[in-house]
Amino acid sequence: MSLLLNSYPFRKALLSKAMLGGLMLAAISGCSPEAANEQQTSAAAPVQDKAAQYQVATAEISNANDFALAQEPIYFSFYDLGIDASDAAKLAVLMGDQPQVSQTVDTDGDGALDSLLLAADFAPAERKNFIISTDPAIAKPALKKQTQAEISIKEGGEWNGKVYEGGTFKNVDSVNPPPQYTDHSYWIRYEGPGIESDKVAYRVYLDWRNGFDIFGKKVNDVVLQKVGLDGYDSYHENADWGVDVLKVGKSLGMGGFGFWNGKNVELVSQTDSRSATITNNGDIYSGFKINYNGWQVNNQKLDMTAHFAMTAGSRLVKVNLSKTERLPNMAIGLVKHPGTSLLQGNEHVSGYAWTYVASWGKQSLSGADDHLGMAIIFRRDDRAEQTQDETSYVSVMKDKGGQLEYYFLAAWEHELDGVKTEADFKAYLDREVLRLTKEPRVRFESALSAEAKKVPLTAETALKWTKALADSELERKTLNYHYQGWDENRRRPAKFEYDIAGLQIMALQALNEVSPDTRYAEAAEKVTGSFVADDGKIHTFEPDLFSIDLTKPGDVLILLEQRTGAEKYRKAVDFLRENLKRHPRTSGGAFWHRVTYPNQLWLDGVYMGMPFLAQYAATYETGEQQHESFKEAVHEFVIAREQLRNPETGLYYHAWDESKQADWANKETGQASQYWLRGLGWYAMALVDVLDYLPESETELRKTLIDITQELAADLLRYQDAETGTWWQILDKPGAIANYRESSGSAMFTYFYAKALNKGYLPESYRAATMKAYEGLINEFVTLHKDGKISMTDQCLVAGLGFGRDGSYDYYMTERIFANDAKGNGPFIFAGVEIYKLLKKQ
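Residues 1194 to 2035, numbered by the numbering used here, are exactly what the sequence shown covers, in order.
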């Protein structure tokens, strides 16, 4: 059986790139690179046309919103494209045979090109197909320059104290101001680096003020090269191009940053030095960075880098702050002018969704009647507090490992087609945060990946795909999740949590059983075991939170206790079992999901707690006590089926609130409104995992779970995507706007079917659908990189209910789509192990 490379039509354009794919193809197939290249040459059709041999990747991109997008920026990293920066100059994007607007960019400002930027227009919900090519014959479209970043300093004069006299301005790539440089030194044109799009321009004072200012523009051209050439007062006067429109003073100005000391903002003033560098100066993307060396603040000293970037057609400046030390209470914000209105975006959204703080009013310097709107846009969970001081509206931000990403923007009413009313400004902001939150859906395939997927699917190649992801993640970040380590995806200290310390580590142990490797085995103690103190206390575990999620790593602790015999692990697993005994429950006996989610049963929780309960009983209990524990575990499945399954669809709603008080709960049934793929995936995996621990003597209990397994298996087939073999994020709405084929839940279902087949719970008639599901996992969601690592893409990072998550269809479409998260990686590894076993039976 071969993997289905053409799992959706536009992939058919991908032809052989033997020299690129050889090494990984050799790794997956087990042959030498030379033999792999021979296989490719013999298996691939002759190159049909010149354009095809230069093809790098294809992408199907969909607008996830019900409004049009203009010049929407979409980035393809060279790492995902499977190319080096040496190919950057040749990169082009085609739609059909029409070249598209694109630019190679340095997104992180480190001085090296790293991504291809496509700027594309989309009608509401429109889907388009693109080809990325290095064909030198492609005539790239002539572009109008719509962005610019510049630094301009004087040369040919001399310093007289702090003032530079004489000389002429010259644009430079970087600047390191001398010690005497300060405000009004007349050495840097308009006092710092500038950046603009065709909409608006900004500048940052490269001195102790660190002020962020606005140049309002009356034209849709780049204008910074004209500003301040004849002195420092000219841009305060109306000109054909526009005017300086903001009085910054000692405030944060337009989206600036500093430190909140509890009473007021301390600007980035006391530094050993600061410097600025242009990172990009292209037609549709430009940027600069400022290095702040030795910032003295909060009784500490740290270095900080700020990277600013703009794209064509947008007012937004993207800011990436990176600090060498953690700093609590980093502040971002806006100048607070008298008579302005403070506007706040929706706070009742998921933590990863974007929201804003803005001001509107007659706050422009250019005239008493000019309206000016300013805003900062940030992820809702990044803000700790909203406050203000004498000069600024202040958003106090959480420290997430020294990193912060946000945007700022200004809208002046005298722009061409400018925003003229507060209502229009708010509507514009609401749309911008929705555009950022519901990013375009991208189905992507590099030629490098496609070539590697031509290897016939056998037990050994399935195992090698599985090991490839496990090994890639071990090298990338898995071993960082130890106690006092770092959770890279959530940007916070590592905790004793279900997905990393539980799910992914257990997946490595399953892989170790079929392909022994000390790295897999040792990860259990290095990661999960590190949370257990010598006295059995579990670091970071909060027993009175009664989060059923936090029980999941107990699976690994049981394994470690059996493997090592260490008393501390036995104490820890006994503690988790005792905590389950006092866990609050619904009237029917279902475990609450958490004390902050009272009376609620979630599908997620069935997987988080019941395999541990059954495994604990099978390992440590006997007789009636064991039987009662088994009954308790099975009862959770039964009550979940009773309360969550819709008999008309065969699908399960994500959650149920017995009290019917939650804002997401149906007031008559208490049920959530959507069938979330991964929610049902958790339940499906739990079914086949709990059956592992029920002995044959528990006939009735096993029959209950096997009956549910067979029922669910039949129902799920009706929702399997016919084209790809995968499943959609919201199961019953394939093709709906913003919906997408999601990888973590698809992997869970693949594992469910493969394991049920291996255990004999399902008949052989399910084999074809199971293999199609696994092929879909590889074809749809695996990206191969040139360094041999692979990534699993299109993972819903997190989804839940309550605390701003209203359970609507639209809510699930706003959660982040990610790559290489444990909630997807673990099921992918589990699925690969079971597919390996299944194919070994042939």
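The beta carbon of each residue, even a glycine, is placed where N, CA and C say it ideally should be.
Beta-carbon proximity of GLY1409 to VAL1397, cut-off 9 Å:
The answer is no: Cβ separation not under 9 Å.
Leaving out five residues before and five after LEU1558 in sequence, what residues of the same chain have Cβ atoms less than 8 Å from its Cβ?
HIS1429, VAL1436, ASP1437, VAL1438, LEU1439, LYS1440
What would DSSP say about HIS1500, mapped onto helix, strand or coil?
strand
I need the straight-line Cα distance from THR1659 to VAL2026, nearest angstrom please.
7 Å
PHE1996 versus SER1852: straight-line alpha-carbon distance, rounded:
17 Å
Same chain only: Cβ atoms within 6 Å of PHE1689, ignoring 5 sequence neighbours per side
PHE1724, ILE1731, THR1733, PHE1734, PRO1746, listed in sequence order.
Which two residues bound the contiguous alpha helix (DSSP H) that contains GLY1802?
That run of the alpha helix (DSSP H) goes 1796 to 1813.
Tell me which residue opens and which closes the alpha helix (DSSP H) that VAL1827 is part of.
1816 to 1837
Using a threshold of 9 Å, state whether the C-beta atoms of ASN1369 and SER1468 are closer than that.
yes
Would DSSP call ASP1742 helix, strand or coil?
Here ASP1742 sits in helix by DSSP.
Assuming ASP1767 is part of the alpha helix (DSSP H), what are its boundary residues?
1760 to 1774
Have a look at the DSSP bridge pairing and note the partners of TRP1547.
ARG1572
Evaluate contact between the region 1320 to 1330 and the region 1280 to 1290, counting only Cβ atoms and requiring at least three cross-stretch pairs below 8 Å.
yes
Where SER1866 and SER1936 are concerned, what is the direct C-alpha to C-alpha distance, given to the nearest angstrom?
22 Å
Straight-line Cα distance separating ILE1254 from VAL1635
Those two C-alpha atoms are separated by around 5 Å.
Does DSSP put SER1937 in a helix, in a strand, or in coil?
Helix at SER1937.
Out of curiosity, what's the CA-to-CA distance linking VAL1510 and ALA1652?
50 Å
Could you pull the start and end residues of the beta strand (DSSP E) that ALA1524 belongs to?
ALA1524 -> beta strand (DSSP E) spans 1523 to 1528.
Alpha-carbon spacing of PHE1637 relative to THR1842, whole angstroms
Between PHE1637 and THR1842, the C-alpha separation is close to 31 Å.
DSSP-derived helix/strand/coil call for LYS1516:
The DSSP-derived three-state label of LYS1516 is strand.
Given this structure, state the Cα-to-Cα distance separating HIS1564 from LEU1535, to the nearest angstrom.
14 Å
In the DSSP assignment, the beta strand (DSSP E) including TRP1488 goes from what residue to what residue?
1478 to 1490
Out of GLN1819, PHE1450, PHE1362, ASP1856, which one is the CA nearest neighbour of GLU1891?
Residue GLN1819 is the option with its Cα nearest to GLU1891.
Could you check the C-alpha separation between LEU1473 and PHE1271 for me, to the nearest Å?
For the record, residue 1473 in the displayed sequence is Asn; it is not Leu. Using only the alpha carbons, I get a separation of about 16 Å.
Since SER1466 contacts ASN1486 with CB under 8 Å, what's their CB separation in whole angstroms?
5 Å
When the distance is taken between beta carbons, is PHE1784 closer than 9 Å to ILE1741?
yes
Which residues share a DSSP beta bridge with PRO1292?
Answer is LEU1287, bridged to PRO1292.
Beta-carbon spacing of GLY1872, ALA1992 below 9 Å
yes
Which value, in whole angstroms, describes the spacing of the CA atoms of ALA1229 and ASN1682?
Its pLDDT being 42, under 50, ALA1229 is placed unreliably by the model, and the measurement read from it follows with that caveat. Going from the Cα of ALA1229 to the Cα of ASN1682 covers about 35 Å.
Taking 9 Å as the threshold (beta carbon to beta carbon), is ASP1617 in contact with chain E?
Structure shown: chain E not included; a single protein chain is present.
Taking contact to mean at least 3 C-beta pairs separated by less than 8 Å, is the region 1514 to 1528 in contact with the region 1540 to 1549?
no
When GLY1938, ILE1930, TYR1790, PHE1362 are compared against GLY1349, the one with the closest alpha-carbon
PHE1362
Rounded C-alpha distance that separates VAL1720 from ALA1962
35 Å
Just to check my reading of the structure: LEU1844 and LEU1970 have Cβ atoms closer than 8 Å, yes? What is that Cβ distance to the nearest angstrom?
Contact doesn't hold; Cβ gap of about 21 Å is too wide.
Leaving out the 5 sequence neighbours to the left and right, which residues in its chain are closer than 6 Å to LYS2016 when beta-carbon positions are compared?
Leaving aside the five residues that flank LYS2016 on each side, the residues in its chain whose CB is nearer than 6 Å to its CB run, in chain order, ASP1692, SER1937.
Simplified DSSP state of ARG1204, which is helix, strand or coil:
For ARG1204, the predicted structure reports a pLDDT of 40, less than 50, and the residue's modelled location is therefore unreliable. A value from the coordinates is still provided. Helix at ARG1204.
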